[in-house]
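For the sequence shown, position 41 matches number 40 in numbering that gives the first Met the number 0, and the numbering has no gaps at all.
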Amino acid sequence: MFDRQDSACSLQWTIQMRDKQITVISEKLNSHLALFNSVGKEVAAVKQILGDVECLVGEKENVVSDLKCKVQRISVLEKDFVEKLSFLGDKISSYQLELRNRARIIYGLKEQLDAEKLKNNFHPQLEELKKSLLVKDEIIERLISDKQEMLVELHNMETALQKFQDIFSRLGHEEIKSSLPVSESQDCKVNSIPGSQVDLPNEDRMIPIIDETANVNVECKSGIDTGSNQVQSPPSLKHYALPCSEPVTANVEKPECPPESEDIEMGNSSPEQQTHSANPDPEIENQS
0 MFDRQDSACS LQWTIQMRDK QITVISEKLN SHLALFNSVG KEVAAVKQIL
50 GDVECLVGEK ENVVSDLKCK VQRISVLEKD FVEKLSFLGD KISSYQLELR
100 NRARIIYGLK EQLDAEKLKN NFHPQLEELK KSLLVKDEII ERLISDKQEM
150 LVELHNMETA LQKFQDIFSR LGHEEIKSSL PVSESQDCKV NSIPGSQVDL
200 PNEDRMIPII DETANVNVEC KSGIDTGSNQ VQSPPSLKHY ALPCSEPVTA
250 NVEKPECPPE SEDIEMGNSS PEQQTHSANP DPEIENQS
């Protein structure tokens, strides 16, 4: 009996222990089920999150593609911008050059304005100077015309004097030719007179007088040939001062003949006086 009781007690105790284990296991199963439910819920949430992430990734990919397109556009715009910058830089350099040129032009115009202001300040004085210059020019033109007229008159006088010289030279040659036979006849008469050998010095004095006239005629010819502007004395003056046939006889009686000295004085004085009277000073002509 006791064995049966012990076995029954042991069976009861084992049954109780198994019931406890079953309750514990059931509780564990319930907890595990709850965990599975929570994990399922979490999985569903994670799946939702993954879907959302996939949507976001798709959106981001779209954004990235848009950004790539924008980057390409930006690169094109950068090229255009660089070209525009270079073009604008060229324009700026050209504008700077234009500004410099305009500044130079403005500076030149300012100088011109200053010069015009000075001219306007000195305008009355300039007008007076112009008037005085015009008056002086008129005076100079008048003086030049007067000078030309005087030169024409001098040329006419020179031609007239040359004509007179030619006439006087011709007359002198003719008179010398006519006086030579007369002097030869007078010499023959003197030699025929007794005591004529004593008066030989008078004959010697007459010979150089004839030579002087010949030399004067030669000088007149040379002066005419060269065409010099100086007016030479006509040789006829010296020739007219020579002694005629009557003074030759007087020279035979008198050893000294004063007419020769007068002839020499006339010959020396007349050419210079005539040249001075005919040819005025060149300084006076230049002043005129």
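For each residue, glycine too, the CB sits at the ideal point set by N, CA and C.
Please read these numbers as outputs of a predicted model, since none were measured by experiment.
In the three-state reduction of the DSSP assignment, residue 167 falls in the helix class. The C-alpha of residue 122 is placed about 27 Å away from the C-alpha of residue 103. Residue 86 carries a helical assignment under DSSP once its states are collapsed to helix, strand and coil.
When the Cα atoms are used, residue 13 and residue 26 turn out to be separated by approximately 19 Å.
Using a Cβ distance threshold of 9 Å, residue 118 and residue 125 count as a contacting pair. Put simply, the backbone Cα of residue 158 is about 42 Å away from that of residue 130. In this structure, the alpha-carbon of residue 143 lies about 19 Å from that of residue 156. Taken through DSSP and simplified to helix, strand or coil, residue 35 comes out as helix.
A buried status is given to residue 168, since no fewer than 16 other beta-carbon atoms sit within 10 Å of its beta-carbon. In the three-state DSSP reduction, residue 121 falls in the coil class, being neither helix nor strand. As the crow flies, the alpha-carbon of residue 81 is around 18 Å from that of residue 69.
Residue burial is scored here from C-beta neighbours: residue 164 has at least 16 other C-beta atoms within 10 angstroms and is therefore classed as buried. Here the C-alpha atom of residue 19 lies approximately 12 Å from the C-alpha atom of residue 11.
Rounded to whole angstroms, the separation of the alpha carbons of residue 15 and residue 7 is 12 Å.
In the assembly as shown, residue 50 is an exposed residue. Its beta-carbon has fewer than 16 other beta-carbons within 10 Å.
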